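*Asks:* Would you mind keeping the following structure in view while I ask a few things?
There are 2 protein chains.
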Amino acid sequence: MPEVPPPAPTGDTLLKVLSALGNPHRMRIVAALVERRNYVSALAREIGMGRPLLHMHLQRLEAAGLVVGTLELAEDGKAMKYFDVAPFFYELTPQVIARAAATITESADRTEKEDAK
Amino acid sequence: MPEVPPPAPTGDTLLKVLSALGNPHRMRIVAALVERRNYVSALAREIGMGRPLLHMHLQRLEAAGLVVGTLELAEDGKAMKYFDVAPFFYELTPQVIARAAATITESADRTEKEDAK
DNA sequence: CGTACCTGTCAGAAAAGACTGACAGGCGCG
DNA sequence: CGCGCCTGTCAGTCTTTTCTGACAGGTACG
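Line order of the protein sequences matches chains A and B. The numbering of the first sequence is this note's numbering, which starts it at 274 and goes up by one. The numbering of the second sequence is this note's numbering, which starts it at 274 and goes up by one.
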């Protein structure tokens, strides 16, 4: 199969990824999931964190496309949400940043103020 | 000369880099400096940002080793601080994150509260 | 000597993010 | 049917960032 060209992520995407990974807890979460996939409650116990909090972090990671959550039914009928790490790959160089910065269409920038005049 | 082995940044370092880059303004700052080196005041005007604020962002970027500031004396004797982007390169994969997470010795974790008891 | 440009820092307000406890529901087992 | 374990969410707090205005210092020019 042919080579994959160097990825050029959008500013939006890259921003999400970087801010998601730029956090000790989230880094540990990813690390824990690399070892083995797990469901929310168990993972919370493993890394000593409240469920609501972990839920928020996982949500952030998933929004960045770094992990994937799947709701699976166990044999006994219990619904558990398993999380796996997504096979991501990003290169961080000044040029990549420059290109990404040019494509920041973000709404995070201006939270809808008025710039009339 | 020999090949450079895949870099394995410490959790501490990677954390700084990611949180530094995970910000729209800082991304644009890097992008602007890729185009051409510049000094603080001019850069502030260029991207429309207050000097104190820009100063803070540059400080953060420099702390992460992404840009380098040099205080230079202009011909007319004025002191101006020029900033250049540092030639950085980071690979972001689940494995890299996992390895980095293991080396988080951070003080960012607990901001030195009291856990005496 | 007042003006213009450069540098930096500090206190305090505003916004964003992280965190907690309580509550909702669902299913199976003794 | 109460208990245990699973899922999720919401309101409220607390901490961290982000941002602004004002200040202080320096050199050069008219």
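Don't be surprised by glycine CBs; every beta carbon is placed ideally from N, CA and C. This one's a predicted model, so the numbers in the text were calculated from it and none came from an experiment.
(1) Which value, in whole angstroms, describes the spacing of the CA atoms of A:N311 and A:P360?
(2) Does B:D388 come within less than 8 Å of chain A when only Cβ atoms are used?
(3) Going by the beta-carbon positions, is the gap between A:D357 and A:L288 smaller than 8 Å?
(4) Does any CB atom of chain B fall closer than 8 Å to the CB of A:V341?
(5) B:G295 versus chain A: which residues are under 7 Å apart at the beta carbon?
(6) My output table needs one value for A:D357: the three-state DSSP class, helix, strand or coil.
(7) Can you pull out the residues from the region 356 to 377 of chain A whose beta carbon lies closer than 9 Å to at least one beta carbon of chain B?
(8) Do B:V341 and B:V303 come within 8 Å of each other at the CB atom, strictly closer than that value?
(9) Do three or more CB pairs link the region 345 to 354 of chain B to the region 291 to 299 of chain B at distances below 8 Å?
(10) With 16 as the cutoff for other CB atoms within 10 Å, does A:L331 come out buried or exposed?
*Replies:* By the coordinates alone:
(1) Taking C-alpha positions only, A:N311 is separated from A:P360 by approximately 16 Å.
(2) For B:D388, the pLDDT reaches just 37, beneath the cut-off of 50, and the residue's location in the model is therefore unreliable, leaving the point undetermined.
(3) No.
(4) False, the Cβ-Cβ gap to chain B never drops below 8 Å.
(5) Within chain A, the C-beta atoms nearer than 7 Å to that of B:G295 come from L288, L291, S292 and G295, in chain order.
(6) Looking at A:D357 - three-state DSSP - the assignment turns out to be strand.
(7) So the close ones are V358, A359, P360, F361, F362, Y363, E364, L365, T366, P367, Q368, I370, A371, R372, A373, A374, A375 and I377.
(8) Taking the C-beta atoms as reference points, B:V341 is found no nearer than 8 Å to B:V303.
(9) No, the region 345 to 354 of chain B is not in contact with the region 291 to 299 of chain B.
(10) Of the residues assessed, A:L331 falls on the buried side of the cut-off, its CB having 16 or more other CB atoms within 10 angstroms.
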